[in-house]
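The structure under discussion appears below in the form of structure tokens.
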């Protein structure tokens with residue numbers, strides 16, 4: 036990844052803009068004064084100890100969680116109570132979950148074509164054609180007729196990625212996509228994500244895969260206790276962390 | 007360490023797949039492991055065999071070999087036996103079959119009942135059968151069937167009207183049960199969704215309705231239907247008794263279905279809702295395509311259990327004087343020609359209910375198997 040392209044992406048106007056955002060779960064203040072600008076085509080890795088609010092942060096971006104204070108603007112649309120805005124944003128933002136969350140009663144092909152047919156109103160034949168091209172991109176077109184329960188974890192996660200891509204999203208959110216996988220399957224999922232990154236997709240990835248962060252991220256964000264503690268390009272983040280808590284976290288995850 | 011009974015040894019990584027030990031397979035193996043595995047089991051097996059030996063011959067004699075199949079009354083029946091009551095008098099059931107089937111439905115109009123039975127069979131077949139050409143039209147037909155049946159049975163719109171009081175026997179039982187079953191499912195699903203709604207008023211209405219209906223015995227509701235409802239309705243309006251009973255039976259079953267379906271909805275992981283939301287599906291789309299198909303699949307045993315329960319509970323209508331198969335049969339026992347043939351009657355009625363309930367239970371098992379896609383949600 037050359038340095039020029041990283042800078043270029045920062046200069047464009049932001050596709051996601053979060054200002055002074057707070058969120059509570061009951062009395063628990065889970066996100067505190069979050070400010071984050073994401074440029075078009077920018078790739079951000081978010082890491083931090085468990086309970087630091089990193090998953091909650093990206094779940095606020097497509098309103099799986101509701102924030103109580105501050106603004107979140109995605110592609111010029113502000114996230115408010117307005118259900119229409121939420122639906123618009125959700126159809127532009129893809130999400131991949133730790134537990135895959137494929138629909139077990141539908142075949143792989145039906146999983147992947149469901150949203151294009153019902154949300155985008157695509158004719159079935161066209162949706163299936165597009166679905167097959169994405170399944171080829173994640174390298175499992177031969178599994179199209181199977182049910183998710185018949186696939187390995189790595190294959191299921193790749194189907195989940197294809198399912199999101201079929202909506203032609205502008206932004207992809209990844210919530211610990213490899214944490215539930217057996218070690219030998221992590222690479223096949225990361226390879227798909229790296230390829231996606233190279234195609235210029237805007238990506239926010241919550242992960243502890245530091246190799247992935249180094250390879251594709253423009254910025255690494257470290258969160259702890261509901262706050263953004265530090266944000267740096269990956270090289271600086273790993274080699275020269277500024278904050279003590281970052282140093283402690285890095286020493287814990289890198290030395291085992 | 008247990009001693010190894012396989013003297014052969016293999017190099018690591020070359021162990022072949024071996025067949026299981028033969029002692030546990032085959033007929034002999036089955037008998038050994040299931041009937042004679044311990045002294046206690048052996049004793050129980052022998053006692054059971056002795057017991058069967060004692061009751062089977064006389065049962066078979068009474069039910070089949072010593073039974074009389076055609077006679078005009080009980081006296082003739084008994085005259086044909088070695089001793090009175092030595093065998094079953096099935097002539098009683100045969101002679102009453104028409105009454106049991108149609109109740110007092112007027113003779114010249116009975117073709118309408120027969121047609122309804124045939125259409126009912128077709129609707130059940132078309133709705134339940136998978137891989138049938140034109141499945142969509144079968145489903146539409148099954149959905150329209152209850153209304154079609156109501157028109158056929160009660161008349162109007164060109165057919166001779168038949169008062170609902172003329173219905174009786176198996177016809178009445180099926181009308182009550184099928185109405186209860188087919189309307190309680192959609193109503194129950196709606197109540198279950200309402201109970202999980204974010205709108206507090208809707209939720210409260212559903213909770214109160216479900217808890218009230220579940221908290222009152224069905225017989226009480228039937229008495230309410232037969233006596234009290236007339237006080238609540240505007241004076242002069244006549245609301246048919248059968249109609250009131252059908253509504254009560256449906257509401258009663260719906261409350262139970264609602265709780266079963268709610269259990270199914272809670273059995274789904276929140277990830278399914280989130281994935282559907284994240285793809286931009288609306289509330290109705292995600293429920294129709296993602297949530298309900300899975301929740302109903304989990305709920306099948308409970309739903310069928312409720313169906314079987316409400317099917318059998320339909321006999322309770324005899325308490326408010328409606329002559330379903332049980333009520334009509336009991337009335338028939340007082341007929342001087344057939345006085346005192348209660349065992350024959352109750353065996354027949356038991357068999358009728360058992361066959362239909364067993365069919366439902368088997369269908370639900372096969373449905374569960376068919377919907378299994380190798381994934382636990």
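Protein chains in written order, with my numbering: chain A, 36 to 291; chain B, 7 to 383. Idealized CB from N, CA, C, for every residue including glycine. Everything numeric in this text was worked out from a predicted model, so none of it was measured.
Spatial distance of residue i from residue j (CA atoms)
i                      : j                      : result
residue 172 of chain B : residue 128 of chain B : 25 Å
residue 305 of chain B : residue 378 of chain B : 13 Å
residue 154 of chain A : residue 161 of chain A : 14 Å
residue 114 of chain B : residue 121 of chain B : 13 Å
residue 141 of chain B : residue 134 of chain B : 10 Å
residue 307 of chain B : residue 185 of chain B : 20 Å
residue 88 of chain B  : residue 119 of chain B : 40 Å
residue 263 of chain B : residue 272 of chain A : 57 Å
residue 116 of chain B : residue 213 of chain B : 43 Å
residue 117 of chain A : residue 283 of chain B : 15 Å
residue 158 of chain B : residue 169 of chain B : 12 Å
residue 188 of chain B : residue 112 of chain B : 27 Å
residue 154 of chain B : residue 332 of chain B : 26 Å
residue 269 of chain B : residue 376 of chain B : 21 Å
residue 66 of chain A  : residue 296 of chain B : 31 Å
residue 76 of chain B  : residue 100 of chain B : 7 Å
residue 272 of chain B : residue 144 of chain A : 27 Å
residue 132 of chain B : residue 176 of chain B : 22 Å
residue 226 of chain A : residue 189 of chain A : 11 Å
residue 204 of chain A : residue 237 of chain A : 9 Å
Coarse secondary structure for residue i, derived from DSSP in three states
i                      : result
residue 78 of chain A  : strand
residue 110 of chain B : coil
residue 181 of chain B : helix
residue 314 of chain A : No information on residue 314 of chain A is available, as it lies outside the stretch 36 to 291 that chain A covers here.
residue 84 of chain B  : helix
residue 272 of chain A : helix
residue 340 of chain B : coil
residue 60 of chain A  : strand
residue 49 of chain A  : strand
residue 7 of chain B   : Per-residue confidence for residue 7 of chain B stands at a pLDDT of 44, beneath the threshold of 50, marking its modelled position as unreliable; no derived number is given.
residue 55 of chain A  : strand
Burial state of residue i (16 or more Cβ within 10 Å)
i                      : result
residue 60 of chain A  : exposed
residue 139 of chain A : buried
residue 137 of chain B : exposed
residue 47 of chain B  : exposed
residue 259 of chain A : buried
residue 269 of chain A : buried
residue 234 of chain B : exposed
residue 169 of chain A : buried
residue 97 of chain A  : buried
residue 102 of chain A : buried
residue 274 of chain A : exposed
residue 91 of chain A  : buried
residue 18 of chain B  : exposed
Integer-rounded CB distance, given that residue j should sit under 8 Å from residue i
i                      : j                      : result
residue 42 of chain B  : residue 51 of chain B  : 6 Å
residue 104 of chain A : residue 57 of chain A  : 4 Å
residue 147 of chain A : residue 193 of chain A : At roughly 11 Å, the Cβ-Cβ gap does not stay under 8 Å, so residue 147 of chain A and residue 193 of chain A are not in contact.
residue 294 of chain B : residue 102 of chain B : No, residue 294 of chain B and residue 102 of chain B are not in contact; Cβ-Cβ is about 47 Å, not under 8 Å.
residue 167 of chain A : residue 176 of chain A : 6 Å
residue 74 of chain B  : residue 93 of chain B  : 6 Å
residue 194 of chain B : residue 267 of chain B : 6 Å
residue 228 of chain B : residue 323 of chain B : 6 Å
residue 136 of chain A : residue 280 of chain B : 6 Å
Contact check, residue i vs residue j, beta carbons under 8 Å
i                      : j                      : result
residue 109 of chain B : residue 249 of chain B : no
residue 98 of chain B  : residue 350 of chain B : yes
residue 220 of chain B : residue 209 of chain B : no
residue 281 of chain A : residue 264 of chain A : yes
residue 195 of chain A : residue 131 of chain A : yes
residue 53 of chain A  : residue 239 of chain A : no
residue 107 of chain A : residue 206 of chain A : no
residue 85 of chain B  : residue 190 of chain B : no
residue 134 of chain A : residue 215 of chain A : yes
residue 286 of chain B : residue 125 of chain A : yes
residue 294 of chain A : residue 256 of chain A : Here chain A covers residues 36 to 291 and nothing more, so residue 294 of chain A does not appear.
residue 241 of chain A : residue 89 of chain A  : yes
residue 289 of chain A : residue 276 of chain A : no
residue 317 of chain B : residue 362 of chain B : yes
residue 181 of chain A : residue 142 of chain A : yes
residue 80 of chain A  : residue 250 of chain A : no
Closer than 8 Å to chain E by CB, residue i
i                      : result
residue 379 of chain B : In the structure shown, chain E cannot be found, because the protein chains are A and B.
Any non-hydrogen atom of the ligand NAP closer than 7 Å to residue i Cβ
i                     : result
residue 72 of chain B : The ligand NAP is not part of the structure shown, which contains no ligands of any sort.
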